[in-house]
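**Student:** Residue numbering for the sequence shown follows my numbering, beginning at 5 and increasing consecutively.
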Amino acid sequence: EPAPAPAAAAGDEATGSYSRKHKSLGLLCDRFLNEYRHESEVCLDASAKKLGVERRRIYDIVNVLESVEVVSKKAKNRYAWFGQNRLADALERLKVLGNPNEGRSDDDAAGGAESDDDEGAKEVVTP
Numbered sequence: 005e006p007a008p009a010p011a012a013a014a015g016d017e018a019t020g021s022y023s024r025k026h027k028s029l030g031l032l033c034d035r036f037l038n039e040y041r042h043e044s045e046v047c048l049d050a051s052a053k054k055l056g057v058e059r060r061r062i063y064d065i066v067n068v069l070e071s072v073e074v075v076s077k078k079a080k081n082r083y084a085w086f087g088q089n090r091l092a093d094a095l096e097r098l099k100v101l102g103n104p105n106e107g108r109s110d111d112d113a114a115g116g117a118e119s120d121d122d123e124g125a126k127e128v129v130t131p
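(1) Between R82 and chain B, is the shortest Cβ-Cβ distance under 9 Å, so that the two count as touching?
(2) Please name the residue in L48, L32, E73 whose C-alpha comes closest to that of F86.
(3) Measuring alpha carbon to alpha carbon, tell me which of D49, S44, V57, E96 ends up nearest S71.
(4) Mapping the DSSP letters down to three states, classify G20 as helix, strand or coil.
(5) Let's test the definition: count the other Cβ atoms within 10 Å of the Cβ of V68 and tell me whether it reaches 16, buried, or not, exposed.
(6) Since R82 and C33 are thought to touch, with beta carbons under 8 Å apart, how far apart are those beta carbons, to the nearest angstrom?
(7) Measure from the alpha carbon of S28 to the alpha carbon of each residue in D64, K54, S44, then state which is nearest.
(8) Distance, Cα to Cα, L101 vs L31?
(9) Buried or exposed: which applies to R60, given that a residue is buried once 16 or more other Cβ atoms fall within 10 Å of its Cβ?
(10) Under the three-state reduction of DSSP, which class applies to R82: helix, strand or coil?
(11) Run the CB neighbour count on S51, radius 10 Å, all protein chains shown included, and call it buried at 16 or more, exposed below.
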């Protein structure tokens, strides 16, 4: 059975004030975060209905939130909500993964050996 059509959002096409901004994922994410700030569980079907969007849009948000450990899947369409409690640690882990050379000396970061390739090397001339 197909899901019911989502409710019209503010700035609906019928009123002539339609804007892509009203459907932006960033704006929807803000609304989602405000709605579930103090919850312990999120039901995606209820979220989609409450926010007036298709469930796939909620999945877009939840996939990102799951990657930074703000939510964790419990069952089909149900997620445990941790809020922003785990966010700082998750972002720190991502920072370390994105910059594996941080905390190493310049020689270590370069592999500890000089390259024979002079391309890109600049000679410094002093007067």
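Here a beta-carbon is modelled for each residue, glycine too, at the ideal position from N, C-alpha and C.
**Tutor:** Checking against the coordinates, here is how it stands:
(1) Among the protein chains of the structure shown there is no chain B, as only one such chain exists.
(2) For the purposes of this step, residue 86 is taken as residue 82 along the sequence shown, with counting starting at 1. That would be E73, whose Cα lies nearest to the Cα of F86.
(3) By one-based count along the sequence shown, residue 71 stands at place 67. For the set D49, S44, V57, E96, the Cα lying nearest the Cα of S71 is the one of E96.
(4) Position 16 of the sequence shown, counted from the start, is the residue given in the question as residue 20. Below a pLDDT of 50, predicted positions are generally treated as unreliable, and G20, at 48, falls in that range; the measurement from the model is reported next regardless. Coil.
(5) Reading the sequence shown from its first residue, position 64 is the one you call residue 68. With fewer than 16 other Cβ atoms from the protein chains shown falling within 10 Å of its own Cβ, V68 counts as exposed.
(6) Here residue 82 refers to the residue found at position 78 of the sequence shown. Here residue 33 refers to the residue found at position 29 of the sequence shown. The beta-carbon distance between R82 and C33, rounded to whole angstroms, is 19 Å. This is too long to meet the 8 Å contact definition.
(7) Position 24 of the sequence shown, counted from the start, is the residue given in the question as residue 28. Nearest C-alpha to S28: D64.
(8) As a working note, residue 101 is residue 97 in the sequence shown. As a working note, residue 31 is residue 27 in the sequence shown. Rounded to whole angstroms, L101 to L31 spans 28 Å at the Cα level.
(9) Position 56 of the sequence shown holds residue 60. Per the 10 Å Cβ criterion, exposed.
(10) Start at 1 with the first residue of the sequence shown, and residue 82 comes out as number 78. In the three-state reduction of the DSSP assignment, R82 falls in the strand class, which pools E and B.
(11) On the sequence shown, residue 51 is found 47 positions in, with the first residue counted as 1. So S51 counts as buried.
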